[in-house]
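A quick write-up on the structure given underneath.
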């Protein structure tokens, strides 16, 4: 049989099988029956992964031990039945013969010697093939490593998760040399990482600026080796450093992150401010190109300066072009990327039929590599482009479509907890500011002759102000400002002035001092985790949905949060804990769903590591109590697993939450319900709050 057909058939077989939990799990003890002696034996099941995909058989892969030596045994059918190989069974001799085009392998039950093409071979650790039964299913179990290697399949072992990996032989990609790292700001600020050939790049963005540090862009490039000769780049102990200090980019650092055979080079860009970016490989320049772009984070409609406005919110100070095309006004935000998934923006304004937004492919008006976000305003039949007024206010592009803004009044937020109101007067004049007794209402009186206003009701509804109402009186304009609870005001202008300025500050202290919680949605991408049968659902999807619900609850409660993944992306175990350590997080919560060979087992389980001063056991105990209480679920106990990477390598208190057993039909049905996952998120929030109050901040 040809090797290509073998590979195709084995993949077909593997992908058609069920999944088991793996990646963070230790082996589970199971009972099997020895088909030769009839005796029951206790063994340990192990996780089995083929080409990154977890697999399951009716009799699990297991560790079989004789004289303190162990080997992994799997059903012989798992290896060969779908390969097109011939399997012959001799009942009298209790021998299984595997025949391929290249080899004949004979394995005898309970014999430590096998035959390969007529030659006797001693099996590894002298662990023989066994006839074993599990839940009524009897299978010939053969040493996995020995048989797989005879068929040309590579076998590996992951100690941290007790996982056996099987991979088809891979072509080893030769490493490319990284020869130069340059910075160019002649047009769009960009970093060029030149290499001797095309390279792959995995990017990670760490938002340290949220937590008092600085942001970092991390670029991992497998099969590369640093070979840079540049006097402007420092090198100390294998770490290179290039100082930029321009355009919000501080330094570029590089080192060999993973040695051979992966040869992964890591480039880290330290940023003085949050930056949008786009990474690509430029064939002409033979370089990885990192463009630092502005980003359009949102488009919304709101009241600005007393009138309706469309607001384009950018990450940094934007540059833009305007074009009037018949019944349309086009706004092109230059050197920018679109950061929200919305092609059409809901509108509630006079003058506009709809607003469309997209990442625009440059036409003849631009160069081919320009990055542009195009916003198109389709006007109604009563309005023309000349009726539209556009201005830039800080990082916002503000578009007025129904009428010009009232330029004498301006209300702006400085941040989530502070804002100010400015009133521009015609001449220096006096004014009055009074707070109503026992009320959160501020009254501002301005002489009518000194300001151009009109009656209006502005719905502000931020953390400081609810509404601002403008009333016209006989000689004055009266501004009635309804403040939110715990809002204080300060008049920052003189008693006589041509600009009245009032600052508003919400004094509510951030809950628990803005603790930073890193939320780790388990598995993702090529790693699906376990799955349930009815209904069919994968752990990676349930974990991500629950993690996102938890993130929302935490933010509403006043915590700072960081998600190790926000979509269906594969993230390495060490990268998950590494991100939490780099951000100096207060807690690390890993969200998972469980699996067990016994379908009767259900409930909540916590995994922790308890040999260091982080007090992880207390966190696990509190988390289990609160999650079980919120879900009305059984407590399955705490599992101390020192080989579980994500809770072992973190430098802060950490726990891995197993929310439900997808191997249990009742738990699986519950997990399929969004309300159940919302309750799970609430239970985890309750556990975090209680742990911080009772342990961390005590």
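In the working numbering, the protein residues as written are 329 to 1026.
Cβ coordinates follow ideal geometry from the N, Cα and C atoms, glycine included.
Suppose the cutoff is 8 Å on Cβ atoms and the five residues either side in sequence are ignored; what does the same chain contact list for residue i look like?
i: residue 907; result: 532, 534, 846, 890, 892
i: residue 635; result: 728, 730, 731, 732, 733, 734
i: residue 432; result: 425, 426, 443, 444, 445, 446
i: residue 764; result: 770, 771
i: residue 736; result: 751, 752, 753, 779, 780, 781
i: residue 536; result: 542, 543, 544, 910, 911
i: residue 967; result: 354, 933, 934, 935, 936
Going by Cα to Cα distance, which pick from the options is closest to residue i?
i: residue 542; options: 791, 823, 796, 598; result: 598
i: residue 948; options: 941, 934, 730, 546; result: 934
i: residue 936; options: 959, 918, 528, 901; result: 918
i: residue 856; options: 815, 877, 895; result: 895
i: residue 944; options: 976, 957, 925; result: 976
i: residue 969; options: 959, 978, 952, 938; result: 938
i: residue 704; options: 630, 649, 448; result: 649
i: residue 419; options: 455, 397, 859, 459; result: 459
i: residue 915; options: 475, 984, 741; result: 984
i: residue 955; options: 874, 816, 904; result: 874
i: residue 778; options: 677, 870, 787, 755; result: 755
i: residue 749; options: 602, 392, 697, 830; result: 830
i: residue 718; options: 697, 640, 696; result: 640
i: residue 656; options: 708, 578, 623, 964; result: 708
i: residue 364; options: 666, 620, 461; result: 461
i: residue 978; options: 853, 909, 375, 768; result: 909
i: residue 369; options: 406, 463, 377; result: 463
i: residue 865; options: 989, 762, 699, 614; result: 989
i: residue 616; options: 745, 623, 518; result: 518
i: residue 741; options: 706, 790, 673, 626; result: 790
i: residue 586; options: 626, 964, 548; result: 548
i: residue 886; options: 999, 1007, 853, 745; result: 745
Who are the near neighbours of residue i in its chain, counting only those whose CB is closer than 7 Å to its CB and skipping five residues on each side?
i: residue 508; result: 522, 556, 558
i: residue 422; result: 436, 437
i: residue 554; result: 506, 568, 582, 584, 593
i: residue 1015; result: 950, 951, 954, 955
i: residue 1027; result: Here the chain has residues from 329 to 1026 only, and residue 1027 is not among them.
i: residue 574; result: 513
What does a CB cutoff of less than 6 Å around residue i pick up in its chain, not counting 5 residues either side in sequence?
i: residue 651; result: 658
i: residue 881; result: 1009, 1013
i: residue 454; result: 440
i: residue 647; result: 662
i: residue 904; result: 848, 892, 974
i: residue 596; result: 544, 546, 581
i: residue 739; result: 749
i: residue 841; result: Caution applies to residue 841, whose pLDDT of 48 falls short of 50 and renders its modelled position unreliable; the value that the coordinates give is listed next. Once the five neighbours on either side are set aside, residue 841 has no close Cβ partner at all.
i: residue 986; result: 920, 922, 933
i: residue 1025; result: none
Assign residue i to buried or exposed, taking buried as 16 or more other Cβ atoms, counted over all protein chains shown, within 10 Å of its Cβ.
i: residue 468; result: buried
i: residue 333; result: Note on residue 333: pLDDT 36, under 50, position unreliable in the model; the coordinate value appears next. The residue is exposed, with fewer than 16 neighbouring Cβ atoms inside 10 Å.
i: residue 795; result: exposed
i: residue 504; result: buried
i: residue 995; result: buried
i: residue 682; result: exposed
i: residue 678; result: exposed
i: residue 357; result: exposed
i: residue 515; result: exposed
i: residue 931; result: buried
i: residue 668; result: exposed
i: residue 1027; result: In this structure the chain extends from 329 to 1026, so residue 1027 is not present and cannot be described.
i: residue 1022; result: exposed
i: residue 272; result: The shown model of the chain, from 329 to 1026, leaves out residue 272, and the question about it has no answer.
i: residue 671; result: exposed
i: residue 400; result: buried
i: residue 588; result: exposed
i: residue 867; result: buried
i: residue 653; result: exposed
Tell me, please, whether the CB atom of residue i is closer than 7 Å to any CB atom in chain C?
i: residue 842; result: Any reference to chain C falls outside this structure, which holds one protein chain only.
Should residue i be listed as close to the ligand NAD, given that the test is whether its C-beta is under 6 Å from any heavy atom?
i: residue 526; result: Looking at this structure, you won't find the ligand NAD or any other ligand, since it has none at all.
*Can you check the region 800 to 876 for any beta strand (DSSP E) of at least 3 residues that lies completely inside it and give the ranges in chain order?*
804 to 811, 815 to 819, 824 to 834, 844 to 849
*asked:* With a threshold of 8 Å, are at least 3 pairs of Cβ atoms found where one atom belongs to the region 685 to 698 and the other to the region 710 to 727?
replied: no
*What runs of the beta strand (DSSP E), each 3 residues or longer, lie entirely inside the region 396 to 468?*
397 to 403, 414 to 418, 423 to 427, 432 to 436, 441 to 444, 447 to 450, 458 to 462
*With a cut-off of 8 Å, do at least 3 Cβ pairs link the region 818 to 826 to the region 791 to 805?*
no
*asked:* Threshold first: 3 residues or longer. Then list the beta strand (DSSP E) segments lying entirely within the region 629 to 661, N to C.
replied: 635 to 642, 648 to 653
_As an exercise, report each continuous alpha helix (DSSP H) stretch of at least 4 residues that is fully enclosed by the region 503 to 582, in chain order._
The qualifying runs do not exist here; there are none.
*Enumerated in chain order, which unbroken segments of the alpha helix (DSSP H) with a length of 4 residues or greater are wholly contained in the region 878 to 946?*
Contiguous alpha helix (DSSP H) elements confined to the region 878 to 946 occur at 901 to 910, taking only those with 4 or more residues.
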